[in-house]
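Engineer:
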Ligand code: ADP
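In my numbering, the protein residues as written are 604 to 1218.
See the structure below:
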């Protein structure tokens, strides 16, 4: 019964309606997270590669745009410029940290001027010669040397018309060369045009740009805890090694198949998750070619770290899931308590009513239907209590009013029978005896009812005092002697000493008469009745054993209830009210003891009661 309590039902409803769907949804979600983690890693990689590509493209475009020279004036040859102007243009574009060298090349591919440091400026011979034709240029040249505090300007010579930078730039293209390694520095040659105000190309400007600035930018891109970006040149040589630092700088990675694939296909691992082993470590890779540079941007990340970063989402999802499940379980318990508690209170109240106690009021504070129910219940209890009081009062008044006439009848009946009003015939005497017996029963019933009414009104008077029970048992024996003799039953009493107990003498006598009387009454044929005592835990136990008709287990259950009489073949002829044992129980309990019975149908019964011993 308890297994299917309302509480478990409510919890079950919660589990099925809230927790299970929640669990299912969350587990499904987790499954997707796990399933998608490669996809998530891929997204991280794509982001990093695109970020690096954006940085590189922006950087180089900016640098080459800055490099282009537009000279104001419609000069058709660079040789028309003054030496100070040439220095000004080159020096303006020059930045020692960014560029190793800037070269100015004339239309035919001759090196005209170079700058490679504050005072490291050189011009070619042809320019010096062309100067002599204009005295203004010579004057400017001398003033320029004096201004720069130079004794002479160094020479630069050579024709670069066969070189790629010149060839591209003179055609109007932007030129980005291959990476060169010079004195432990990575340089890339870039070249653009020198134009006049008519946008005509009148020369080329070519520079050796250091990669330091841009690699510092790509190196700062991070993936998780150990992933980063590295750059490869067209040959597969490591140009820069960002966060993670797993490959040797300037090393050649052509031995790694994934790198070869990248070189051949122009990209790897961007559309689908790719991993490879490097130095006994699983790494995931993604990369793409930067076309205008002929380089490759590649991500490098250990698989462990990649998955752990994505896995954090997993852990968070787990944490949230557990928190949710815990919360709903707690809510479920709380919720079920809220519902169960008032029901338990109501059940307790109903139980008390079924026990005949109407003093219980149910207190429910919540303002809901349970409160309504409790209020109605309390009203009902009040009505029941009032009814009970009315009924008890009625029984008491009725019994009280009946007592005088039935006692009078008894008196007159006895006087009639003993001839106080003159001689009566045998037939009249026999009839009167029957009437007298019936009246006796009526007297007993009225007495019992009065006793019960008094007990229930709390008016049963019990005066407890020390007394010797042996005397009372013996008195009972003699009072019932005519009854027992009539049935040929012997009431045996064994007591090795006198027992002093605390009880109300009159009431105890009533109990003994009732129980011993019952033992005689419910014995058919003859059979001895034994009465004896036992001492246990400060109490005296008195037992009355008969060998009479006995009681079935079902009968035993209701034995001490008001008006209960066992209904069977044997009891059919035996008269009684069903009130005796009820009264005995009331009396014994009021005296601080307990009454009990053991019985088997057809074998007899043993009634017993306990009463406190006098110390
Ligand atoms: P009653 O006036 O009917 O005897 P009691 O309250 O004394 O009322 O007893 C209640 C019922 O208990 C009896 O009707 C009888 O069925 C059963 N009973 C009581 N004492 C005995 C006994 N010693 N043996 C068998 N049944 C008994």
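For every residue, glycine included, the Cβ atom is placed at its ideal position computed from N, Cα and C.
Hey, quick one: how far does the alpha helix (DSSP H) through residue 739 stretch, first residue to last?
Structural biologist: Start and end: 738–750.
Engineer: With contact counted as at least three CB pairs below 8 Å, one residue from each stretch, are the region 1154–1164 and the region 1188–1205 in contact?
Structural biologist: Judged by Cβ distances under 8 Å, the region 1154–1164 makes contact with the region 1188–1205, as three or more pairs qualify.
Engineer: Put residue 821 into one of helix, strand or coil per three-state DSSP.
Structural biologist: It is helical.
Engineer: Determine contact between the region 867–874 and the region 882–889, defined as no fewer than three beta-carbon pairs at a distance below 8 Å.
Structural biologist: Cβ pair count under 8 Å is three or more, so yes.
Engineer: Relative to the ligand ADP, is the shortest distance from any of its heavy atoms to the C-beta of residue 1041 smaller than 7 Å?
Structural biologist: Result no, Cβ not under 7 Å from the ligand ADP.
Engineer: Give me whichever residues DSSP pairs with residue 890 in a beta bridge.
Structural biologist: DSSP, once it has assigned bridges, lists 871, 901 as partnering residue 890.
Engineer: Whole angstroms is fine: what's the gap from residue 804's alpha carbon to residue 797's?
Structural biologist: Taking the straight line joining both Cα atoms gives about 6 Å.
Engineer: If you reduce the DSSP assignment to three classes, tell me which class residue 853 lands in.
Structural biologist: Three-state DSSP puts residue 853 in coil, outside helix and strand.
Engineer: Could you check the C-alpha separation between residue 946 and residue 939 for me, to the nearest Å?
Structural biologist: Their backbone Cα atoms lie some 11 Å apart in a straight line.
Engineer: Just how far apart, CA to CA, sit residue 941 and residue 1165?
Structural biologist: Straight-line Cα distance between these residues: approximately 39 Å.
Engineer: Hey, how far is the Cα of residue 659 from the Cα of residue 620?
Structural biologist: Approximately 55 Å, taken between the alpha carbons.
Engineer: Evaluate contact between the region 1093–1110 and the region 1163–1178, counting only Cβ atoms and requiring at least three cross-stretch pairs below 8 Å.
Structural biologist: As far as the Cβ criterion goes, the region 1093–1110 does not touch the region 1163–1178, which means the pair count is below three.
Engineer: What three-state label does DSSP hand residue 1096 in the structure shown?
Structural biologist: Note: residue 1096 maps to strand in three-state DSSP.
Engineer: If contacts are defined as beta-carbon pairs under 8 Å, then residue 685 and residue 743 qualify, I think. What distance do you get, rounded to the angstrom?
Structural biologist: The pair is a contact, with the Cβ atoms about 4 Å apart (cut-off 8 Å).
Engineer: Among the residues of its own chain, which have a CB less than 8 Å from the CB of residue 893, if the five just before and after it don't count?
Structural biologist: 656, 659, 660, 899, 900.
Engineer: For the beta strand (DSSP E) containing residue 796, name the first residue and the last one.
Structural biologist: Its beta strand (DSSP E) spans residues 788–798.
Engineer: Taking 7 Å as the line, does the beta carbon of residue 1079 fall inside it for any heavy atom of the ligand ADP?
Structural biologist: Outside the cutoff, so no.
Engineer: In the DSSP assignment, the alpha helix (DSSP H) including residue 655 goes from what residue to what residue?
Structural biologist: Segment 640–670, the alpha helix (DSSP H) holding residue 655.
Engineer: Pick out whichever of 829, 1079, 867 has its Cα sitting closest to the Cα of residue 849.
Structural biologist: For the residues 829, 1079, 867, the minimum Cα distance to residue 849 belongs to 829.
Engineer: Using only CA atoms, which one of 1128, 1069, 1091, 1132 lies nearest to residue 1111?
Structural biologist: With distances taken between Cα atoms, residue 1111 lies closest to 1069.
Engineer: Could you pull out every residue in the same chain whose Cβ sits closer than 6 Å to the Cβ of residue 673, ignoring the five residues on either side in sequence?
Structural biologist: These residues qualify, in order along the chain: 798.
Engineer: If you draw a straight line from the alpha carbon of residue 980 to that of residue 990, how long is it in whole angstroms?
Structural biologist: Rounded to whole angstroms, residue 980 to residue 990 spans 15 Å at the Cα level.
Engineer: Just checking residue 937 against the ligand ADP - is the residue's beta carbon closer than 7 Å to any of the ligand's heavy atoms?
Structural biologist: It does not: the Cβ of residue 937 is nowhere closer than 7 Å to a heavy atom of the ligand ADP.
Engineer: Starting from residue 880, follow the beta strand (DSSP E) in both directions and report where the run begins and ends.
Structural biologist: Taken as a continuous stretch (DSSP letters only), the beta strand (DSSP E) holding residue 880 covers 878–881.
Engineer: Are the CB atoms of residue 1131 and residue 1092 nearer to each other than 8 Å?
Structural biologist: In contact: residue 1131 and residue 1092 (Cβ atoms closer than 8 Å).
Engineer: For residue 714, count the other beta carbons within 10 Å of its own beta carbon; 16 or more makes it buried, fewer makes it exposed. Which is it?
Structural biologist: Counting Cβ neighbours within 10 Å, residue 714 comes out buried, since at least 16 surround it.
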